[in-house]
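Per my numbering: the sequence shown = residues 9 to 670. Cβ coordinates follow ideal geometry from the N, Cα and C atoms, glycine included. As the structure is a computational prediction, the values presented were derived from the model and not from experiment.
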Amino acid sequence: MEVGTIVAHRFVIEALAGEGGMGKVYRALDRELGQHVALKLLAESAAVHATRFAEEARILAELDHPNIVRWIGHGEDAEGQRWLALEWLDGEDLAMRLAHGPLSVEDSLAIGIAAADALAAAHEHGVIHRDIKPSNLFLVGKDPRHTKLLDFGVARRNSATRVVTRSGVVVGTAGYIPPEHIRGEPTDARADVFSLGAVLFECLTGQPAFAGGSMAAVLRRLLVDEPAPLRHVRHDVPPELDALIASMLAKEPSRRPVDAAAVADTLRNACQENFPRRTNDSAGDIAFGDGAQYALPVENADSPLGIEYETTVGGKARRSPSLFVGRDRELNTLLALFEECADEGVARAVLVTGQAGIGKSRLCDEALQRIGALLRETQVWTARGEVARGSSPRSLLGALVREKGIDEGEIAPAFLYLARAALEKGPLILVLDDFQWADASSIVAVDQALDEFRNRPLFVLALARPDAQSRFSRIWAERDALEMQLGGLAARAATRMVQHALGNGAEEAKIAALVDRAGGHPFYLEELIRAAIAGRGNALPAAVLAMVRARLAALTPEERRFLRAASIFGDVFWVRGVLHLLGGGSPTAARTLVDRNFLTRRPTSRWPGEDELSFREPLVCEAVFATVSAADRERGHALATAWLASIEATRASRTDEPRVTK
9 MEVGTIVAHR FVIEALAGEG GMGKVYRALD RELGQHVALK LLAESAAVHA TRFAEEARIL
69 AELDHPNIVR WIGHGEDAEG QRWLALEWLD GEDLAMRLAH GPLSVEDSLA IGIAAADALA
129 AAHEHGVIHR DIKPSNLFLV GKDPRHTKLL DFGVARRNSA TRVVTRSGVV VGTAGYIPPE
189 HIRGEPTDAR ADVFSLGAVL FECLTGQPAF AGGSMAAVLR RLLVDEPAPL RHVRHDVPPE
249 LDALIASMLA KEPSRRPVDA AAVADTLRNA CQENFPRRTN DSAGDIAFGD GAQYALPVEN
309 ADSPLGIEYE TTVGGKARRS PSLFVGRDRE LNTLLALFEE CADEGVARAV LVTGQAGIGK
369 SRLCDEALQR IGALLRETQV WTARGEVARG SSPRSLLGAL VREKGIDEGE IAPAFLYLAR
429 AALEKGPLIL VLDDFQWADA SSIVAVDQAL DEFRNRPLFV LALARPDAQS RFSRIWAERD
489 ALEMQLGGLA ARAATRMVQH ALGNGAEEAK IAALVDRAGG HPFYLEELIR AAIAGRGNAL
549 PAAVLAMVRA RLAALTPEER RFLRAASIFG DVFWVRGVLH LLGGGSPTAA RTLVDRNFLT
609 RRPTSRWPGE DELSFREPLV CEAVFATVSA ADRERGHALA TAWLASIEAT RASRTDEPRV
669 TK
C-alpha cells in the first residue's frame, strides 16, 4: 500500500513497519486521534484467517492493561479491507535485545514481572495467549521495565483449548511450545506459564531452553529433555528464581505455578529480596509489587539518630518528603509519649492504623527525625511484617535474632535478651511496620517485652492496616497502649502540600482540582503532584493504579465486581442501580465496602428511596474504572442509562399524580 493512502477515511499510511502470514503492519497517522498507530491490515490472500483476525481484535479491545499493547480500534472499510489499529511503540523487541547476549538478572526480572502481569490480566478474562516468545515482548524505549505483550493473533478463550489445527499444524513457536501443546491435549493458563519460563531461561542464559538443529529435534527436547539448572549455567541467579523457572518448565502442567499471577508474585519477591534500591517513589506504605507481599527484614540501627535521619529497612530506602503537613496533632502526641517514656523510664506502645498510603510511615519518619535531633543516644530497631502467597506470615523479629546468631525457634527469649542489653545503653524504639502481618511468636515477644520492661524506656511504635487492632487487642488493652487512627488530610493541609510543590505561581483552580481529586489521600496527592510537574495532565498515575489494584486484590470477587459496576456510574451511585448492572444480587458487598472504607453513604439521596453511596476517594473510582474493559464499559453505560431513565420516569410519574384532598 502506497504512502499517503487513507484507510477507513481515518488512517494515513506513512511507512511499512512489518509483515507476516496474515498481512502487513503499517505506521499510520490516526486523523481522528491525532497520533501515530500501528495499523494491521488483513491481506486478501489471507481471507482464511479472517476469523482469527477478528478474534484478535475483540480480545485486545477487552484487555486494558499497561503491559499489553493498547487497542485503538478495528473494523472493515467500504472496500472490505479489515483493519486493526494499535498504539505505536518505539523501542525494540526482546528478540532484538537477546541478539546481543544474555540480560542481567535485574532486567530479566523486570521483563518477567511485566509479562506475567500482562498474562495475568489476559488469564483473568479467560484468554490464553499461546505464543509467548521474545519477539512478542516489546521493550518500550528499550527499557525492560516498560515491557508490553504483543500479538494475540493465535490467542483463544480458555475453554479446554486444543492447539493442533485441523491440518495438524501445532500453534505456537518451536522452543516455547509447552509439551501438552505438542501432544494435542487441552490447555489452560499454565501453557503460557511454560512459554514464559522458556523466555526467562533465554533472558538469563542467552540460549534457548530447548535448542535443536531441526524442528523435530526441538519438539523432542520439549517432550523429553530437562533444561540445565540455571545456577549451573549462571552463578548469580538467585535460588528462588532458579526454582521458579524450573517449576514453570515442568513437563506436566500440574507441577507448574497455577497461573501468571502466581508467577508475578514470586518474581516480585525475588526482585525485592535481591535488588533493593533507593527509589523516588512516595514513601508511605506502598511495597514493591502488589502491596501484599513483603520481604523486608529487621535493621539494627545501633548508630545514634541525626537530624538527617533516613532509614533503610531490608534495602528499601524511604526518602524524606519535602513537606510534612496535616499531622501536627498526631506528631505531637507521639513526641509527648516518647518524652514520657525516656524521662520517666516507662514502656509505652502506640498502634498507628490507616489504609495503605495514608501516611503512617511518613508520620513515623518525621517523629524519628525529631527524636533524633533531641536525643541522639536513642537506638532504633525497625522490623516489617512479611506474608508470603498462600502461607502464614514469616517471623517479624526473626531477622534480628538470626543476625545475632541465635536460633530463630527461640524468638521470644532471644529478643528479650537483645532488648535488655540495648536498654542498658538508653532508650530503645521498636518500629513494627506492617504489623498486620505479624506472626504469633513475634506478637508474644513484643507482649513479653512490654511486660518485662514496663519500667524501662522501651517505645513500641506499630504501624498497621485498619483491621489490626482487633487482632492485637489483648496487647493494646493490657499494656495501656494508645491507638491512633489516621484519616485523610484536611483540605487546607493538602492545599499547602500542593502549593509547596508547585510554587507560588500555581493557579488556584489547578491546586483545588488536585486537592479535590486526591480526596485527602496523601499518596494519591503526591503522585498527582508529580504528574502535574511532569506535564502528564489528567492521566491516572501508574503508581495510584497499582496501589488501588493491590487494595482490590484483598477483596472478594463479588466485592470487586460491585466496585467495577459502581464505577460505571461515577463517583456517586445507587445500590439498586449497581445490582441492576450486575444482573441481581444482594447489597451485602456494599455494606462490606463501606465498612472497609472504599465507599461512604451519603446523607440524602437524589432519588428518594434509593440507597445512595459514593467512593470515599475519587481517584479510587478512576482507578477501578480503568480496570473495566472497553466492552464492559459500553454495556455498563447502556444499562446504567436505562436504569437512570426508569428511575427518573418513576419519580416524574409520582410527581405528576393528582393530589386527593379531603
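When the Cα atoms are used, what is the spatial distance from residue i to residue j?
{"i": "Ala514", "j": "Glu114", "result": "39 Å"}
{"i": "Val162", "j": "Thr195", "result": "14 Å"}
{"i": "Ala103", "j": "Pro142", "result": "5 Å"}
{"i": "Ala381", "j": "Ala489", "result": "25 Å"}
{"i": "Phe209", "j": "Leu376", "result": "44 Å"}
{"i": "Glu22", "j": "Glu10", "result": "8 Å"}
{"i": "Leu212", "j": "Glu100", "result": "18 Å"}
{"i": "Arg643", "j": "Ser449", "result": "51 Å"}
{"i": "Gly528", "j": "Asn605", "result": "13 Å"}
{"i": "Ser255", "j": "Leu230", "result": "14 Å"}
{"i": "Arg568", "j": "Ala521", "result": "27 Å"}
{"i": "Val454", "j": "Leu466", "result": "11 Å"}
{"i": "Arg239", "j": "Leu111", "result": "15 Å"}
{"i": "Phe202", "j": "Ala236", "result": "15 Å"}
{"i": "Pro616", "j": "Arg609", "result": "14 Å"}
{"i": "Arg599", "j": "Leu494", "result": "22 Å"}
{"i": "His17", "j": "Val552", "result": "37 Å"}
{"i": "Ala269", "j": "Leu563", "result": "16 Å"}
{"i": "Thr13", "j": "Leu24", "result": "12 Å"}
{"i": "Phe332", "j": "Val135", "result": "46 Å"}
{"i": "Arg174", "j": "Phe146", "result": "Residue confidence for Arg174 is low, a pLDDT of 36 falling below 50, so the modelled location carries little weight; the figure read from the coordinates is stated next. Spanning the two alpha carbons is a distance of roughly 31 Å."}
{"i": "Gly543", "j": "Ala58", "result": "41 Å"}
{"i": "Gly353", "j": "Phe346", "result": "10 Å"}
{"i": "Gly220", "j": "Glu188", "result": "19 Å"}
{"i": "Leu257", "j": "Glu52", "result": "39 Å"}
{"i": "Asn144", "j": "Glu566", "result": "34 Å"}
Taking 7 Å as the cut-off, decide whether the C-beta atoms of residue i and residue j are in contact.
{"i": "Phe160", "j": "Glu248", "result": "no"}
{"i": "Gly365", "j": "Met555", "result": "yes"}
{"i": "Ala648", "j": "Ile576", "result": "yes"}
{"i": "Gly183", "j": "Gly109", "result": "no"}
{"i": "Val586", "j": "Leu471", "result": "no"}
{"i": "Ile76", "j": "Leu94", "result": "no"}
{"i": "Ala126", "j": "Leu157", "result": "yes"}
{"i": "Ala118", "j": "Arg153", "result": "yes"}
{"i": "Val583", "j": "Asp640", "result": "no"}
{"i": "Ala427", "j": "Ala446", "result": "no"}
{"i": "Ala634", "j": "Leu560", "result": "no"}
{"i": "Val452", "j": "Ala420", "result": "yes"}
{"i": "Val148", "j": "Leu97", "result": "yes"}
{"i": "Arg198", "j": "Arg264", "result": "yes"}
{"i": "Leu690", "j": "Trp389", "result": "The question about residue 690 has no answer here: the residues shown for the chain are numbered 9 through 670."}
{"i": "Leu275", "j": "Gly31", "result": "no"}
{"i": "Ile140", "j": "Asp200", "result": "yes"}
{"i": "Val523", "j": "Ala539", "result": "no"}
Pull up the CB-CB distance for residue i and residue j, whole angstroms please, since I reckon it's below 8 Å.
{"i": "Val20", "j": "Ala36", "result": "6 Å"}
{"i": "Val506", "j": "Ile541", "result": "Actually they are not in contact, since the Cβ atoms of Val506 and Ile541 sit about 11 Å apart, beyond 8 Å."}
{"i": "Leu607", "j": "Ser622", "result": "7 Å"}
{"i": "Glu348", "j": "Arg356", "result": "7 Å"}
{"i": "Leu204", "j": "Ala124", "result": "7 Å"}
{"i": "Leu424", "j": "Gln387", "result": "The Cβ separation is near 16 Å, so there is no contact."}
{"i": "Gln363", "j": "Pro530", "result": "Not a contact, Cβ separation roughly 11 Å."}
Give me the residue from the options with the minimum Cα distance to residue i.
{"i": "Gly367", "options": "Leu252, Asp441, Glu385 and Leu652", "result": "Asp441"}
{"i": "Leu106", "options": "Ser116, Thr608 and Arg335", "result": "Ser116"}
{"i": "Arg165", "options": "Trp96, Glu70 and Glu188", "result": "Glu70"}
{"i": "Ala206", "options": "Pro216, Ala197 and Ala199", "result": "Pro216"}
{"i": "Leu8", "options": "Leu571, Asn512 and Leu431", "result": "No statement about residue 8 is possible, as the shown extent of the chain runs from 9 to 670 and does not include it."}
{"i": "Ala128", "options": "Ala258, Gly221, Val271 and Asp38", "result": "Val271"}
{"i": "Ala224", "options": "Asp244, His137 and Ile185", "result": "Ile185"}
{"i": "Gly578", "options": "Arg504, Arg624, Asp603 and Arg557", "result": "Arg624"}
{"i": "Ala509", "options": "Pro261, Ala62 and Leu533", "result": "Leu533"}
{"i": "Gly496", "options": "Pro611, Ala517, Thr596 and Leu371", "result": "Leu371"}
{"i": "Leu627", "options": "Arg525, Gly42 and Val636", "result": "Arg525"}
{"i": "Lys259", "options": "Asn277, Ile190, Asp250 and His243", "result": "Ile190"}
{"i": "Gln444", "options": "Gly393, Arg242 and Asn463", "result": "Gly393"}
{"i": "Asp373", "options": "Asp351, Glu338, Ala350 and Leu405", "result": "Glu338"}
{"i": "Phe581", "options": "Asp85, Ala550 and Leu652", "result": "Leu652"}
Quick one: which unbroken beta strand (DSSP E) runs of 3-plus residues sit fully inside the stretch 37-90? Chain order, please. 43-50 and 79-84
For the stretch 574-603, list the beta strand (DSSP E) runs that are entirely contained and at least 3 residues long, ordered along the chain. 580-582
Identify every run of the alpha helix (DSSP H) within the stretch 202-252, keeping only runs that are complete inside it and at least 4 residues long; order them along the chain. 223-232 and 238-241
Quick check for students: name the residue ranges of the alpha helix (DSSP H) that lie wholly in the stretch 488-512, counting only runs of 4 or more. 499-510
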